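Protein chains in written order, with numbering that gives the first Met the number 0: chain A, 0 to 264; chain B, 0 to 312.
The structure appears below as structure tokens.
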Amino acid sequence: MNDRITVRIADTRPEGPKATTLYVDAGMEVLPGQFLMVADFAGGEKPFSVSEAEGGRLGITVREYGPFSRRLRSMEKGGLLSLRGPYGRPFTPRPGDCLLVGGGSGIAPLHLLARAILAAGGRVTVVSGARTRDEILLGDRFRRLPLDYHETAEDEGEGLTAVDLAARVMERKRPDFVYAAGPEGMLAALRPRLGDLDYQFSLERYMKCGVGICGSCTCDPTGIRICVEGPVLDRDRIEELEDFGRYKRDASGARVYFPGALPGA
Amino acid sequence: MNHSPNHSLRTEFLGQSLPSPLVLPSGILGMSHGSLRYALEKGYGLVTTKSLSLSPREGHEGPVVARFAGGVLNSLGLCNPGIDEGLREVARFVEATGAPVLVSLFAVNRPDFVELARRACDGAGSFIELNLSCPNVMDEFGVPLAASRDLVADIVEGVKKVCRLPVVAKLSPNALDLPSIALAAQEAGADGVTLINTLGPGLLIDTTARKPVLHPRFGGISGPAILPLALKIVHECSGVLKVPVIGMGGVSTGDDAVQMLMAGASLVGVGTAVWLSGIGVVDEINLGIREYLEREGIPSVAGIPKLETGHER
């Protein structure tokens, strides 16, 4: 009946200067790509994907963006969290050659996914990119898994983005399937590089309710709700969208165009 | 859907022919042309926009929704992109679908309602709904207008003067003598009445954190718990009104919807059930109404007999 629980933080783990993984014993099963609505009883509730799930203990990797995530990521063991969920449509792990591309904190759900693909007998290549080295998350976790791991910081060396690096990796070896999560601009830049490869993307949109009634996260023109029909969308669903990579909506529902996208019809 | 055309869900409402009597209530989806289109494709006969205000509103800080055994508590806080942006979304929706739209408006005084209605009448919507009854912004605006017969009449009258479109007043269950308020709306020129907005507001407490579950503290109560109250109010009000009633409050099944029609509603809103049962509930309710019509040998929704008025008082 109630899909909300209140739990104490069981452990925390710093992830560089701007992120922390909060561990909770939530007693729920969360599939890769699904999310929880997380609140701290001080105002604010946001969707977070789960980065780790081991024996009932969930890891929620919180990257600092604004006041709410700053407060959340500085919480300590014993602190109280309100969790609603798990919500949303998960990734579908495939047993073939899989390429996982993560931008910034978008890498978090891909860690859980990598483990699921490996468990299903698939082979995994991971490309993780961020603007700076500090912002590349969970690299140590990926390095411990039997997979091919690549990372890039845009302010170092050749300045490759995750998309650039993914393109190089794909030139060497064409994957059977691509999964990606991160800022929508990154996903929009990745899509034309995939040719006819099949893919699933996880989209991030502004959410209020998380359960498909408030309409904040709906896409145009099909009206699919990122919190219910997403956040993981198949290639076919993405290609129907007119707003993908162009605009999202703010808390009022007004359109916010992505940098470089022109307001049109 | 593959059913006998002899038992049609098609329903006439204020001059428009709707494919189903089910209404997407204001506040549920309705944020964008995409979400209006989604609702239409999922089986609603008429869709309502978010309540549009003169300026954009971001709504309240979360958590703004919570479940309890009888339904849902919410305090979204009337988030909307403002009347002008909202009407652009309505225009895109109408261009793509040709379907009618109920444009919901929110303000706290007559001049603002009149200005909103003036702009809405120049838009692509088919009807105007005046949200006189949101219980979730009392901190900001005080007791909803719908508590006062005089205020309701004054605002409806002002809007009707500038508005070529039919006007529906959405009233609150949190008032005494609802029939007299509904009658006042009708006498002031309202072409219909929507009953009921969410009940309350109410409170849920997190006993571990010892704090309200919703960050705005209080929220409007919706869902199965309020169905009997909604049915009673719709029954009482429709008994004294000549104008049609859009009935809503806790409708979750086909039988609930038939009860609402029998109580006197012309159309039936379905909102909270979309959370509790998923969006597929809309077609399930459509199917339930159709099965009722077939079983009872009633040819149309309008043919569902109204419950007789008892000896009230």
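All C-beta atoms, glycine included, are put in the ideal place defined by N, C-alpha and C.
These figures come from a predicted structure and were not determined experimentally.
Within-9 Å CB hit, residue i to chain A
i: S34(B); result: yes
i: A65(B); result: yes
i: N135(B); result: no
i: A95(B); result: yes
i: L75(B); result: yes
i: R312(B); result: Its pLDDT being 47, under 50, R312(B) is placed unreliably by the model, and nothing is read from it.
i: V89(B); result: no
Residues bridged to residue i [DSSP beta-bridge criterion]
i: D96(A); result: R122(A)
i: H149(A); result: V126(A)
i: D197(A); result: F176(A)
i: S103(B); result: E128(B)
i: A38(A); result: E44(A) and S81(A)
i: K17(A); result: K17(A) is not bridged to any residue.
i: N73(B); result: V64(B) and G219(B)
i: N79(B); result: R56(B)
i: A168(B); result: L129(B) and V192(B)
Per-residue DSSP class, three states only, for residue i
i: Y246(A); result: strand
i: A52(A); result: strand
i: P46(A); result: strand
i: R132(A); result: helix
i: I284(B); result: helix
i: N108(B); result: coil
i: Y291(B); result: helix
i: D24(A); result: strand
i: R2(A); result: Per the sequence shown, the amino acid found at residue 2(A) is Asp instead of Arg. Coil.
i: D163(A); result: helix
i: Q33(A); result: coil
i: A264(A); result: Low confidence applies to A264(A): its pLDDT is 44, below 50, so where it sits in the model is not reliable, and the reading given next is rough at best. Here A264(A) sits in coil by DSSP.
i: G249(B); result: coil
i: F257(A); result: coil
i: S292(A); result: Only positions 0 to 264 of chain A appear in this structure, which leaves residue 292(A) out of reach.
i: S237(B); result: helix
Below-9 Å beta-carbon distance, residue i vs any chain B residue
i: K207(A); result: yes
i: T215(A); result: Residue 215(A) is actually Ser in this sequence, not Thr. Yes, S215(A) lies at the interface with chain B (some Cβ there is under 9 Å from its Cβ).
i: A113(A); result: no
i: G259(A); result: no
i: I59(A); result: no
i: R74(A); result: Per the sequence presented here, residue 74(A) reads as Met, with Arg not at that position. Chain B contact via Cβ: absent.
i: E253(A); result: Correcting the residue identity first, residue 253(A) is Ala in this sequence and not Glu. It does; some Cβ of chain B falls within 9 Å.
i: M36(A); result: yes
i: K45(A); result: yes
i: V23(A); result: no
i: V231(A); result: no
i: G102(A); result: no
i: G84(A); result: no
i: I237(A); result: no
i: F176(A); result: no
i: M0(A); result: Bear in mind that the predicted position of M0(A) carries a pLDDT of just 44, short of 50, making it too unreliable to give a figure here.
i: R245(A); result: no
i: V227(A); result: yes
i: D242(A); result: yes
Per-residue contacts from residue i into chain A (C-beta, under 7 Å)
i: T207(B); result: T5 and L79
i: R216(B); result: Within chain A, no residue comes near R216(B); the closest Cβ sits about 11 Å away, beyond 7 Å.
i: G70(B); result: By Cβ distance, chain A contributes nothing, its closest Cβ being about 11 Å from G70(B), past 7 Å.
Euclidean distance between Cα positions of residue i and residue j
i: P13(A); j: S103(B); result: 47 Å
i: E314(B); j: E238(A); result: Given a span of 0 to 312 for chain B in the structure shown, any question on residue 314(B) remains unanswerable.
i: L144(B); j: V151(B); result: 6 Å
i: V123(A); j: K172(A); result: 12 Å
i: P223(B); j: V64(B); result: 16 Å
i: R7(A); j: R118(B); result: 51 Å
i: E186(B); j: T206(B); result: 48 Å
i: Q199(A); j: K305(B); result: 51 Å
i: L182(B); j: D149(B); result: 11 Å
i: S31(B); j: G309(B); result: 43 Å
i: V177(A); j: E155(A); result: 25 Å
i: R9(B); j: R294(B); result: 17 Å
Cutoff 9 Å: residue i Cβ touching any chain C Cβ
i: A38(B); result: Reference to chain C is not applicable here, since the protein chains of this structure are A and B.
Partner residues on chain B for residue i, Cβ-Cβ distance less than 8 Å
i: C218(A); result: G33
i: F40(A); result: D205, A208 and K210
Residue i: contacting residues in chain A (beta-carbon distance under 8 Å)
i: P62(B); result: M36, A38, E44, S81 and R83
i: R56(B); result: S251
i: I154(B); result: What I154(B) touches in chain A: nothing, since even the nearest Cβ is about 24 Å away.
i: V151(B); result: Residues of chain A passing the Cβ test: none, with the nearest at roughly 27 Å.
i: G128(B); result: According to the sequence as given, residue 128(B) is Glu; it is not Gly. Chain A residues near E128(B): none, gap ~16 Å exceeds 8 Å.
Beta-carbon neighbours of residue i, restricted to chain A and to distances below 9 Å
i: L28(B); result: G211, I212, C213, G214, T217, G222 and R224
Contacts of residue i in chain B (Cβ-Cβ under 9 Å)
i: R12(A); result: Simply none; closest approach about 24 Å.
i: R248(A); result: M30, S31 and P80
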